[in-house]
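All remarks here apply to the structure that follows.
There are 2 protein chains.
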Amino acid sequence: MYEGKVVVSVRDQIARKLRNDIIDGTLSESEKLKEQELAQRFGVSRGPIRDVLLQLTKEGLLTSKPNCGVSVNTALNPHMQTLMVELRTEIEMHALRSSIDTLTDKDFDELSGCLSALIDAFNEENYTLVTELDMSFHRYFVQKAGGSDLVNIWEPIVYRMRMNYRRIDNADDCFTEHNRILNAMMDRDIEEAIAALQANIR
Amino acid sequence: MYEGKVVVSVRDQIARKLRNDIIDGTLSESEKLKEQELAQRFGVSRGPIRDVLLQLTKEGLLTSKPNCGVSVNTALNPHMQTLMVELRTEIEMHALRSSIDTLTDKDFDELSGCLSALIDAFNEENYTLVTELDMSFHRYFVQKAGGSDLVNIWEPIVYRMRMNYRRIDNADDCFTEHNRILNAMMDRDIEEAIAALQANIR
DNA sequence: CTCTGGTATATTGTTGACAATATACTAAAG
DNA sequence: CTTTAGTATATTGTCAACAATATACCAGAG
């Protein structure tokens, strides 16, 4: 069973929920978020809510106007989306290259477990979770290669990309693509891994 | 006279000061920052300070351990620094390409004003300000091309790079390099502009 | 009817007190 | 002497009240 982090702070849980609401469209574009409202909804005071909103603003999911509050950011224009794909690909290619020889069996177990959790989420039609696990898979080797330094750069790019295509079209494709990446990693075949990666990121 | 933003919130001023302290080495590597201490120093309560610390953490200048506070992040290893240079170059090249034909005389005035402020800062040996103005110059056309979406991705990369080389070696070089970029922009010569940019980012 | 000015309301920004957690120190047991 | 348990302190996390600011509404002048 894939667990992710073992303990999560209240702040992280709220941040995660809001991220998902934004990415899956529960919160519509340009919608204004009121601190009081969110505080009541999550049963905490405005303090932690403010922290979360600031965080998501830095991630690009929200935009903030001083003294006016925050609202859901609009999707990227096609031009910008293309750039984000390029940047993300460059980061992950780098991460693959610099980590592929250091990955252990334990790493492969983690990644493999992540993918089976992804299938389960598909079968339960829990597409929000699918999106999260998709990111977890990629984040794993980004973290492995560049630590939190690299993850900090990578995450906002991916969150921002995710706002654009909110629907997952095909369950099989998603799993097959990721499995191809994982297999190439286990074979230590960097060329194939990168090819698989480029087929997956779009 | 180059002004930058006309009004800045208390939070932004504190953030700016702390960023500079980190980048110029006033705050040494791995140094722990205590909220109470900073609150007293800046004459505000802990609330705004927490906001700033969270912000700088997202920017990669600080690292945070839950319930343990934040400390100054360590400089990037050479491998990662190379990647950051690549990413930054890719972003700014894109920004140049997509903005070069839309720049107006007003934009050139801004950029030019930014550079003369940079010289002044050099002559006053205010290297912290030099660093800020250097970033302002680049940020201007990044903003122009990709708006805050792109700036949000670009900024953490540059802040993180800046932690590595804290000293400015040569005043003339810095000005000459930027002036070459600006002149190429005014000539709408994209090839030359990119060449100048690549000579500047390193 | 449109525009301006002012007032009422709602929302964010800030503060100091309190709670929960981690760190540093001390003393006792092995 | 080293290790461990317990306690005291320091620091972060949370909260609710207050201040400052922006928004929405309404009335009156032109």
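If you read the protein sequences in the order shown, they are chains A and B. If you want the working numbering, it's the 1-based position in the first sequence plus 1048. If you want the working numbering, it's the 1-based position in the second sequence plus 1048. All residues carry an ideal CB built from backbone N, CA and C; glycine is no exception.
- In the three-state reduction of the DSSP assignment, residue 1080(A) falls in the strand class.
- Residue 1096(A) has a beta carbon lying at 7 Å or more from every beta carbon in chain B.
- Sequence-distant partners of residue 1147(A) (beyond 5 residues in either direction) whose C-beta falls short of 6 Å from its own C-beta, in its chain, are 1189, 1192, 1193.
- Taking a 10 Å sphere around the C-beta of residue 1127(A), we find fewer than 16 other C-beta atoms and assign the residue as exposed.
- DSSP places residue 1119(A) inside the beta strand (DSSP E), whose first and last residues are 1117-1120.
- In this structure, residue 1105(A) lies away from residue 1092(A), with their beta-carbon atoms at least 7 Å apart.
- Pairing residue 1142(B) with residue 1088(B), the inter-Cα distance amounts to about 43 Å.
- The beta-carbon distance between residue 1208(A) and residue 1108(A), rounded to whole angstroms, is 5 Å. This is short enough to meet the 8 Å contact definition.
- In this structure, the straight-line span from the alpha carbon of residue 1176(A) to that of residue 1159(B) is close to 44 Å.
- The CB of residue 1142(B) comes closer than 7 Å to the CB of 1131 in chain A, given here in chain order.
- Taken in chain order, the whole beta strand (DSSP E) runs of length 3 or more contained in the segment 1117-1183 of chain B are 1117-1120.
- With distances taken between CA atoms, residue 1247(A) lies nearest to 1136(A) out of 1101(A), 1125(A), 1136(A).
- Residue-level contact by beta carbon fails for residue 1126(A) and chain B, as no gap is shorter than 7 Å.
- The C-beta of residue 1173(B) has fewer than 16 other C-beta atoms within 10 Å across all chains shown, which makes the residue exposed.
- Residue 1198(A) sits in a helix when the DSSP states are folded into three classes.
- Judged by DSSP secondary structure, residue 1111(A) falls outside any alpha helix (DSSP H) and instead within the beta strand (DSSP E) spanning 1110-1113.
- Within 9 Å of the CB of residue 1117(A), no CB atom of chain B is found; the nearest one sits about 14 Å away.
- Straight-line spacing of the CA atoms in residue 1233(B) and residue 1145(B) works out to 10 Å.
- Residues of chain A whose Cβ lies closer than 8 Å to the Cβ of residue 1187(B) do not exist; the shortest such Cβ separation is about 16 Å.
- At least one CB of chain B lies nearer than 7 Å to the CB of residue 1200(A).
- Spanning the alpha carbons of residue 1094(B) and residue 1225(A) requires a straight line of approximately 47 Å.
- The beta carbon of residue 1086(A) sits closer than 7 Å to those of 1097, all from its chain and outside the five residues before and after it, given in chain order.
- Taking 7 Å as the cut-off, the beta carbon of residue 1162(A) is found closer than this to the beta carbon of residue 1181(A).
- Identification of chain A residues near residue 1103(B) by a Cβ-Cβ cut-off of 7 Å yields 1102, 1106, ordered along the chain.
- By the Cβ neighbour-count rule, residue 1121(B) is buried, with 16 or more other Cβ atoms within 10 Å of its own.
- In terms of Cα proximity to residue 1057(A), the closest of 1199(B), 1101(B), 1113(B) is 1113(B).
- Exposure of residue 1079(A) is indicated by the presence of fewer than 16 other C-beta atoms within 10 angstroms of its C-beta.
- By the criterion of a C-beta distance shorter than 6 Å, residue 1202(B) is surrounded in its chain by 1139, 1190, once the five residues flanking it on both sides are discounted.
- For residue 1149(B), the nearest beta carbon of chain A is not closer than 7 Å to its own beta carbon.
- Listed by position along chain B, the residues whose Cβ is nearer than 8 Å to that of residue 1075(A) form an empty set, because the closest Cβ is around 18 Å away.
- Scanning its chain for C-beta atoms nearer than 8 Å, with the 5 sequence neighbours on each side dropped, one finds around residue 1084(B) the residues 1094, in chain order.
- In the DSSP assignment, residue 1211(B) falls outside any alpha helix (DSSP H), carrying neither H nor E.
- Under the Cβ criterion of 7 Å, residue 1242(A) is not counted among the residues facing chain B.
- In the DSSP assignment, residue 1099(B) falls within the unbroken alpha helix (DSSP H) covering 1094-1106.
- Cβ-Cβ separation between residue 1228(B) and residue 1179(B): approximately 19 Å, too far for a contact (criterion under 8 Å).
- Leaving aside the five residues that flank residue 1069(A) on each side, the residues in its chain whose CB is nearer than 7 Å to its CB run, in chain order, 1075.
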